[in-house]
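Below: one structure, written as structure tokens.
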Ligand code: CDV
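Numbering (the numbering used here), first residue to last: 3 to 306.
In structure tokens form, the structure reads like this:
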């Protein structure tokens, strides 16, 4: 029997620092409702979808830093999104900043949770490739993710979502071939991804015109080379004075962009993903069972 999954990417426009969590969650519920009305079976929201992208600032006050983090999911404010998922029977992947007591200490991760169509927790991913620095560096765009987050400690897990194997990735992860390769090796058929990407980087003004190309290039290559569906949601537009790119998209295992957002605002794009295309692409080009064998790679390593 043919297998399909209708995927919606819910891009958001900017989420200003002045926006309350309740206001932002209301926006996400509205997007989820639009996605459900369009037939979506699963939805992906951006990285850090509940707040502004605060690592653009150096903040020293612990209470102020922690105000951007969630201590439990769902919490009192986010509960309505989970209730909406259960009401609409559409699950979602949601990026947020996670504060957790683990190994006897407070830890902070840039996280994405997968929630089922019953509103129940399915699985968690913590961003592995945490970019930027912990202190502002002269001549570079202030991007202090490493000040606020430690790298993920969960690897690249893959979860069962209504019979479909789903993995997650967050922003800078999408630029690394390891991300798709690990998810593919772990059995993923669909990768859900969220990002916040500044339009301008002080350290590379000459590359500014390639920003969107470099957004799509690794995701299309990752999808093609690992025969996966990739669905990526941007937080876009002018957020607290910083321009973030849009370009949210759904990419087929052929590497083609099947759907793409056109705005820099709240926008839903939907595509009915043919999961059998994965098998077709593997037959045509990528017989992983034949080539992804340790002895095969040893042979290649000896030849180089
Ligand atoms: N949020 C991110 O991880 N952003 C990075 C920027 C810093 C380059 C990205 O790869 O889009």
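Virtual Cβ for every residue (Gly too), placed ideally from N, Cα, C.
A quick note: this is a predicted structure, and the numbers were derived from the prediction, not measured.
**Report entry** Nearest neighbour of residue 257, chosen from 136, 43, 249, 279 [CA to CA]
**Finding:** The alpha carbon of residue 257 has as its nearest neighbour, out of 136, 43, 249, 279, the alpha carbon of 279.
Query raised in the report: Alpha carbon to alpha carbon, what distance is there between residue 148 and residue 139?
Result: The C-alpha of residue 139 lies about 12 angstroms from the C-alpha of residue 148.
Query raised in the report: Which partner residues of residue 246 appear in the DSSP bridge assignment?
Result: Beta-bridge partners of residue 246 (DSSP): 200, 239.
Requested in this report: Identify the continuous beta strand (DSSP E) that holds residue 87 and give its terminal residues.
Outcome: No beta strand (DSSP E) contains residue 87, which is instead part of the alpha helix (DSSP H) from 81 to 90.
Requested in this report: Return the CA-CA distance between residue 199 and residue 242, expressed in angstroms with no decimal places.
Outcome: When only Cα atoms are considered, residue 199 and residue 242 end up about 14 angstroms apart.
**Report entry** Any heavy atom of ligand 1 within less than 5 angstroms of residue CB: hits in chain order
**Finding:** If you measure from each CB to the nearest heavy atom of ligand 1, the residues under 5 angstroms come out as 133, 145, 173, 174, 198, 199.
Query raised in the report: Where do the N-terminal and C-terminal ends of the alpha helix (DSSP H) with residue 269 fall, by residue?
Result: Counted as a single uninterrupted DSSP element, the stretch harbouring residue 269 is not any alpha helix (DSSP H) but the beta strand (DSSP E) occupying residues 269 to 276.
Query raised in the report: How close, in whole Å, do the beta carbons of residue 185 and residue 193 come, if the pair is a contact with beta carbons under 8 angstroms?
Result: At roughly 6 angstroms, the Cβ-Cβ gap stays under 8 angstroms, so residue 185 and residue 193 are in contact.
Query raised in the report: To which residues does DSSP link residue 309 through a beta bridge?
Result: Because the chain is modelled from 3 through 306, residue 309 falls outside the range shown and cannot be assessed.
Query raised in the report: For residue 250 versus residue 234, is the C-beta distance shorter than 7 angstroms?
Result: It is a contact, given that the beta carbons lie within the stated cut-off.
Query raised in the report: Taking the continuous beta strand (DSSP E) assigned at residue 184, which residues delimit it?
Result: Element bounds for residue 184: not the beta strand (DSSP E) but the alpha helix (DSSP H), 179 to 187.
**Report entry** Alpha-carbon spacing of residue 100 relative to residue 253, whole angstroms
**Finding:** Their backbone Cα atoms lie some 28 angstroms apart in a straight line.
Requested in this report: For the stretch 52 to 123, list the beta strand (DSSP E) runs that are entirely contained and at least 3 residues long, ordered along the chain.
Outcome: For the stretch 52 to 123, whole beta strand (DSSP E) runs of length 3 or above, ordered along the chain, are 93 to 104, 107 to 117.
Query raised in the report: Is the distance from the Cβ of residue 132 to the Cβ of residue 159 below 7 angstroms?
Result: Taking 7 angstroms as the Cβ cut-off, residue 132 and residue 159 do not qualify as a contacting pair.
Query raised in the report: Taking DSSP as the reference, what is the three-state secondary structure of residue 279?
Result: In the structure shown, the three-state DSSP call for residue 279 is helix.
Requested in this report: Check whether the stretch 77 to 91 touches the stretch 57 to 65, counting contact only when three or more Cβ pairs, one atom from each stretch, lie closer than 8 angstroms.
Outcome: Result no; under three Cβ-Cβ pairs closer than 8 angstroms.
Report task. Quick one: residues in its chain with C-beta nearer than 7 angstroms to the C-beta of residue 125, no 5 flanking neighbours on either side, listed in chain order? Result -> The residues are 116, 159, 161.
Query raised in the report: Which residues in the same chain have their Cβ closer than 7 angstroms to the Cβ of residue 114, if we skip the five residues on either side of it in sequence?
Result: Short of 7 angstroms from the beta carbon of residue 114, and not among the five residues preceding or following it, lie these beta carbons of its own chain, in chain order: 95, 96, 97, 127, 170, 172, 196.
Query raised in the report: So, using beta-carbon positions, are residue 247 and residue 213 closer together than 7 angstroms?
Result: In terms of Cβ geometry, residue 247 and residue 213 form a close pair [threshold 7 angstroms].
Query raised in the report: Within the chosen definition, does the stretch 287 to 301 reach the stretch 33 to 44 through at least 3 CB pairs nearer than 8 angstroms?
Result: Segments in contact, no.
Requested in this report: Take residue 188 as the anchor and find which of 209, 174, 166 has the nearest alpha-carbon.
Outcome: Per the C-alpha coordinates, the member of 209, 174, 166 positioned closest to residue 188 is 166.
Query raised in the report: Do residue 93 and residue 268 have their C-beta atoms within less than 7 angstroms of each other?
Result: Taking 7 angstroms as the Cβ cut-off, residue 93 and residue 268 do not qualify as a contacting pair.
Query raised in the report: Can you name the start and end residues of the beta strand (DSSP E) that residue 170 belongs to?
Result: For residue 170, the enclosing beta strand (DSSP E) begins and ends at 166 to 172.
Requested in this report: To the nearest angstrom, report how far apart residue 179 and residue 34 are at their CA atoms.
Outcome: Those two C-alpha atoms are separated by around 30 angstroms.
**Report entry** Collapsed DSSP secondary structure at residue 18 in the structure displayed
**Finding:** It is coil, neither helix nor strand.
Report task. Check the DSSP bridge columns for residue 27 and list the partner residues they point to. Result -> The beta-bridge partner set that DSSP reports for residue 27 is empty.
Query raised in the report: Helix or strand or just coil, what does DSSP make of residue 157?
Result: Residue state, collapsed to three classes: coil.
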